[in-house]
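**Q**
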Amino acid sequence: MTAFLPGVELARLFYAEAVRPLLGHRPHAAARLGPGSDVLGFDTPRSTDHDWGPRLELFVDDDIGELGALLSEQLPTRFRGWSTHFEPPGARVRTMADTDGPVDHYVTITPFPRWCHGLLGFDPAAGGITPLDWLATPWQRLAEITGGAVFHDPGGAISRVREGLRWYPADLWRYVLATQWQRIAEEEPFPARAAEAGDDRGARVITARLCREIARLSLLQSRRWPPYSKWLMAALPPDKVAWHLTAALFADEARSREDALCTALEAIAEKQNELGLTAELPPTRREFHDRGYEVIGGDRFAEALRAAITDPSLRTRPLTGAIDQITDNTAVLTSPPICRAVTAAATTP
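Quick note: the sequence shown uses my numbering, first residue 31, plus one each step.
Here it is as structure tokens:
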């Protein structure tokens, strides 16, 4: 067995030792960005079975076909013990396979603006980033372009785009946080109500939904793009929020479940106050009407954040938020044109 090493480190070595010597004086930039567990730092030996291996993104302005053929002919068939040949050719999902050459490599060769359009639906370097650009781009995509690593960027274009997409402008951050608090407010009394009605399974399902929303809110507060469901909880830091969410998920008794959720939300509320994005609010639980259920009252934070938005056009938008807060449909989230159409329709006042 070939010793495993993180995919981004493998890509760095692959570029420096195998790809770069073949490029001569050709102007280019190189990185490992885009889809892949390695870009987010979550790859393990299990990841090596598909879309993992000696691969990278090579950004050039022209001669894409000629360069691709050059690499196919001259790259070694193996690098650091891993095959550089991937099958089936041109498929959406590809796997390392043995070959005597030439190799069907996994070096994506493209102009950087075209690559951005394919991943994001717009070119961040062309005319600035609009509110629609921000809200219509899935968090997973933003994580993919700001994660990974850049190996060669002589003009700094890739680094500037990555820095520009590192996080939301302040008003958009308030708007997205407000939407996330509102999502929590809409369901936070439901686990207790379902349990009271004797529906323990329903209470557990709703609890899991709330744990997802709280985890997303925690990451948004930490200025970290929440990844999609497979990596969401892995991305959560091992703090008291994560501990109480775990307690909520494993609780077998309704009151214990409610207490764990409220304790997690109190920690989130304290963190919200510390951010200084609004006037402080009491970060403590309260009774939901007169039913005896304990909630944080997420709508309080939603309205405070909305009121603190300085842009009138953004402040008056409905709290539909970013595309991830509108839908979790994979067919939508993986299509930039659909993301933009759905977001534009959902955020029209």
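For each residue, glycine too, the CB sits at the ideal point set by N, CA and C.
If you count every other CB in all the chains shown that lies within 10 Å of the CB of residue 274, and 16 or more means buried, which is it?
**A** That one is buried.
**Q** Could you pull the DSSP bridge partners for residue 380 from this structure?
**A** With the chain running from 31 to 379 in the structure shown, residue 380 is simply not present.
**Q** Closest by CA to residue 61, which one among 225, 338, 141, 202?
**A** 141
**Q** Measuring straight from C-alpha to C-alpha, what distance separates residue 154 and residue 194?
**A** 8 Å
**Q** Which partner residues of residue 108 appear in the DSSP bridge assignment?
**A** 113
**Q** For residue 181, does the three-state DSSP call read helix, strand or coil?
**A** strand
**Q** Just to confirm the assignment, what range does the alpha helix (DSSP H) spanning residue 191 have?
**A** For residue 191, the uninterrupted alpha helix (DSSP H) segment begins and ends at 187-194.
**Q** Give, in chain order, every unbroken run of the beta strand (DSSP E) that is at least 3 residues long and sits entirely within the segment 53-111.
**A** 59-62, 85-89
**Q** So what does DSSP say about residue 325, is it helix, strand or coil?
**A** Three-state result, residue 325: strand.
**Q** Considering only the beta carbon of each residue, do residue 345 and residue 339 sit closer than 8 Å?
**A** yes
**Q** Per the contact definition of three or more C-beta pairs closer than 8 Å, is the segment 238-257 in contact with the segment 181-194?
**A** The segment 181-194 is not in contact with the segment 238-257.
**Q** Report the partner residues of residue 25 according to the DSSP bridge assignment.
**A** Absent from the model: residue 25. The displayed extent of the chain is 31 to 379, so no value can be given.
**Q** Quick one: is residue 259 buried, meaning 16 or more other Cβ sit within 10 Å of its Cβ, or exposed?
**A** exposed
**Q** Which residues bound the alpha helix (DSSP H) around residue 214?
**A** 200-217
**Q** Do you know how far the Cα of residue 359 is from the Cα of residue 123?
**A** 20 Å
**Q** So what does residue 276 bridge to, in DSSP terms?
**A** Answer is none; residue 276 lacks a bridge partner.
**Q** In or out: residue 293 buried (at least 16 other Cβ within 10 Å) or exposed?
**A** buried
**Q** With distances taken Cα to Cα, identify the nearest neighbour of residue 92 among 56, 85, 80, 82.
**A** 56
**Q** Can you tell me the Cα-Cα spacing of residue 113 and residue 138, whole angstroms?
**A** 16 Å
**Q** When the Cα atoms are used, what is the spatial distance from residue 200 to residue 228?
**A** 44 Å
**Q** Going by DSSP in three states, residue 133 sits in which element: helix, strand or coil?
**A** In the structure shown, the three-state DSSP call for residue 133 is coil.
**Q** Should residue 305 and residue 240 be called a contact, given that it needs their Cβ atoms to be closer than 8 Å?
**A** no
**Q** What does DSSP give as the partner residues of residue 308 in its beta bridges?
**A** None, per the DSSP bridge assignment.
**Q** Using 8 Å for Cβ pairs, my map puts residue 162 next to residue 347. What's the rounded Cβ distance?
**A** Contact flag wrong, Cβ pair sits at about 11 Å.
**Q** The alpha helix (DSSP H) that contains residue 248, what's its start and end?
**A** 230-251
**Q** On a CA-only basis, which of 277, 80, 252, 278 is nearest residue 267? Give me that one, please.
**A** 252
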